[in-house]
Structures are given as C-alpha cells and as structure tokens.
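This report refers to the structure that appears directly beneath it.
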Amino acid sequence: MKWVIICVFLVSCSSAEKIIIVGAGAAGIAAASRLLDHNITDFRILEAEDRIGGRINSLYLGNGFADLGAQYIHGEKDNLVYNLAKDYVKHDKNSEYSSVFYGGSRKIEPNLVNEYSSVMDEIADIEDALTIGEVFQARYNSIIQEKYKNDSEMVDYSKNFLRTAESMVLSVEGASRWLKPSAKTNYKECEGDQVSSWGGLGYKTILDILLRNFPNKTGYNIEKHLSLGKTVSKITQLNNTIKIRCEDSSEYDADYVVFTPSLGVLKNDHKKLFEPNLDKVKVDAIEKLGFDGVMKIIFEFSNSWWKGVDDILFVWTEEQKKDMMRDISFGPIKNGEHWLSWFYSVGEAPNNSNVLIGWLVGPMVPDVEKLTAEEMKNGTLHAMKKAFGRNFNVTEPVKVIHSKWCTNPHFRGTYSYETVNSLNHCQDTLSQPINGIDGKPRILFAGEATSPRRFSTVDGAIETGFREADRLVKILKL
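Here is the structure:
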C-alpha cells in the first residue's frame, strides 16, 4: 500500500509532454501554431501571465482596442506579419509627426523634424563602432550651427529639441539612453510603411491569425495546450530528458523545450533558470545585447479635445522643466532631471477618436512605472496642459493606464537592441539550441532577441517561433 501511495503522488506531481513551450507570446504562439499545422499535438505551453500575447497587450477602451505593448507593423515587403495580415492593416495618412509643441504652443516650421530624419538616414550608413547618440549629436550640431548660426531663437530651440530627438531614438531602439545602442546595425528594414496599424483591432489580432481564428473562430483550440499562471523557475537537462519546475511546485518532463521569454528574463535569471548553466558563449551574447524599457500611457477622454492634430511631439523648454520640478513633487528625479521631461509624445489611437497613446522613455522608466494611476494622471495632465494650454482646452481623462514592462519579472523590459559590443552575431549565438547526449537539439531558443535581422519586432519574434518549430518537425519526422 505504501508503494501505491508513493506512485500516485509521483504521477500527480509530474506531467509528461513531448514538447514544452515556455511563454505564450508571439514566438510561443507561432511555434505552437506551426506544430499544429504539422499535426503535432503532444505539447504544452507554460505561460507565467494570466493571458497570452506576451509583449502584445491590446486593451479595449473607447471605441476599440489600444495597444499597451507592440503597436506598429514595421514595413511591408518580406514582413511576415504584414503578409499574414495585409487585408486588415490600416495605413496612417499621418505617419510622420504632424505637430510639435514648444513653449506652450504649436511650433510652426522649421520644427527640426526634417533635420532629425535626415541625420537618422545618414546614421543608417555608418560603419564605425559608435553609438547612435555620439553620431547624432556630432552631425546634428554641425547642421544646426551652419544652418541657424545667426538665429539665436532657433539655436535655443535646437538645444531643447535635442532631448526630444533622443527620446524619439529611444522609443525606436528600446534603450534607456542613446549612448547605448550601436549606430551600425545588422537590422534589416522591410520596405514600405513603417507604422502600419491594426485600425482599432489591436495587435492581438495577429495571435488569432496565427491560430486560424481570425476573421472566424474556426481554427485551433489553443486552450487545451495552454497553462496560464505557470512561472518556470528551473529547467534541468537530464541526458535526453528535460525537467521543468514551476514556482507553484508543479513539474513537467519533456523531450524538448522551446524557451521564448524575453532577453530581460535571460539577463536577470539565466543563472538560476538553467541547470547545468548556459555556456560562456551564450552568456556573453546575453550580456552584450541591450535590453531596457519604454513606457506607453493610454488616456481615454470623454471628448477628443485635440481635434486637428494626430501625432504630437513635445519640446520642453528649460522654464517648463523648472515648472515640473516646482509643481510635481512626486515621482523620480535623476541627475537633476524630472521624470516628466522624458514624456515626449502623444498620438491618437487608430480608429479610436477619444483615446491618446503617450510615450515616456529614458533612464527613469523603471521608477516611473511604480507611480500610482492617480499620480500618473496628475503628472501627465499637468504636462499636457503646459504643452497645449494656448491651443487646446485639455480636459481630465476618464481613464489612464500605464505599462509596467520593466518592473514585471516576466518581461523586465520591452525589446532588444544592438550595442557596439554585440554586433558580432550575438543573436545567432543566442538562437543556437542546446543538444542532448544523443546530439539532438533539446533546449531551443526563440523570441525577438534571437532574430539576427528583425530583432525588436513582432514579425521577428514570430519568425523565430516558426524556425524552432520547424527544427522540431524535422527531428520528430525523421
């Protein structure tokens, strides 16, 4: 009888699956859909959050969905997401910033957005081992000094615009300062519109498309393969078997594991996650690649008081920054800078006329994430009134929601970027599987940070999920 009880206990505490997919973000769902395409059903997805999507997080408010995570489809030609979803994608007629607000009113040309774009185009061709910030500041200063050297007002404006320029760079790169990402890059831009939107459907739609559940829910039932609230705490390789343990003490045995969590999770947790430890080459790649955070703030209003402008840049004056220090006493201050000085843009949510999406970047993002919803509302409302006060009657928002990607231990940031030290095939190194004693790949790696040319994008993440699923299909069908 004693042995029967022990056997029942062991069976109840451990589950056996052919394949375990860690993470139900874009890469994990892509891998699962590809396996199902090949009639491989013996797998389980372990997702730490209480939802699927990972860094895709579409919230319904106003008249449609607004994205707290990934929002844009970056490019068309050879873009996997665009090719899958082109019948549902909307092209924003105002893809460039339509308005710049400086000193409390709208800035008429020249507003330096064109100068910013021309410098960034030059940076794309750089071959030196320099950061974006180093190259941009040198070239921008030479252009401004030559073009506006006799215009003291424009010289002052250009100095203030430099912070806004850095903010634009940081929102694209995902870095905390522009002296971190490399000017030279392996990233491949897909031709076409770089800011296509989902027109109120939300980026979550791509998950339904992958699972054959859009526009009609007649595709795969992922629920029967999915376990939510499962934070993986240990992945142990035992010869040709992998044992996965979760924080809730549940355990799973698998022949293969597809690991899809973010580079931020790997940076913070790889030493305690993997047994045996990852090899030095892979750890070096993890440490050299960059991974910080960008904040998005969704505002729902009772009316669209900003009518006539869609995408707005803030250029804060020194006087406005002093006002922030005086009037908003809560929230972080670092190196004499107020957190609101990094709140640099708002834009109307696609097909959602009463909703604005704001962007806040820079080194204080992790600390700003800790603000309460009320503090976030009061701080950003104060900033918008300072920016728009002479042009619009800024009303109090009905709802304010801000992202918390950095402080969430399941993400620890937003998306990866290349540093000067990571240009030598770090994504390739990170993507290499760990073999068992039989020489077969047993622990496989997917996610945007493992994409050599499309890192930081959802299409890059999906492509890597397909890549690793195809690797498994090849092994299992031998």
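Here the sequence shown stands for residues -16 to -1, 1 to 462, where the numbers follow mature numbering (1 follows the signal peptide of the UniProt record, and there is no 0).
Virtual Cβ for every residue (Gly too), placed ideally from N, Cα, C.
In the three-state scheme derived from DSSP, where H, G and I count as helix and E and B as strand, Asp62 is classed as coil.
Under a 10 Å Cβ-count criterion, Leu20 is classified as buried, with 16 or more other Cβ atoms of the shown protein chains found around its own Cβ. When rounded, the separation of the alpha-carbon atoms in Gln178 and His75 is 9 Å.
In the DSSP assignment, Ala122 falls within the unbroken alpha helix (DSSP H) covering Ile116 to Lys131.
Distance check between Asp71 and each of Ile296, Ser(-2) and Gly183 places Gly183 closest, using alpha-carbon atoms only. Looking at the backbone, the Cα of Arg229 and that of Val216 are separated by about 6 Å. Contact between the region 289 to 299 and the region 82 to 96 is present, with at least three C-beta pairs closer than 8 Å. For Gly331, DSSP records a beta bridge to Asp295 and Ile341.
For Glu235, the secondary structure class from DSSP, reduced to helix, strand or coil, is strand. The C-beta of His58 has 16 or more other C-beta atoms within 10 Å across all chains shown, which makes the residue buried.
Fewer than three Cβ pairs drawn from the region 410 to 427 and the region 383 to 393 lie within less than 8 Å of each other, which leaves the two stretches out of contact. Note that the C-beta distance between Arg426 and Val241 is below 9 Å.
A direct Cα-Cα distance of roughly 46 Å separates Glu380 from Leu407.
By the neighbour-count criterion, in which a residue is buried when 16 or more other Cβ atoms sit within 10 angstroms of its Cβ, Leu462 is exposed. Using a C-beta cut-off of 8 Å, the region 370 to 379 makes no contact with the region 271 to 279, since fewer than three inter-stretch Cβ pairs fall below that distance. By the 16-neighbour rule on beta-carbons within 10 angstroms, Tyr171 is buried. Between Glu1 and Asp232, the C-beta spacing is not below 9 Å. With a contact defined as Cβ atoms closer than 8 Å, Leu247 and Ala433 qualify at about 4 Å. Taking all protein chains shown into account, Glu259 has fewer than 16 neighbouring C-beta atoms within 10 Å of its C-beta and is therefore exposed. Looking at the DSSP output, Asn419 bridges to Pro425. Here Arg35 is near Leu212, since their CB atoms are less than 9 Å apart.
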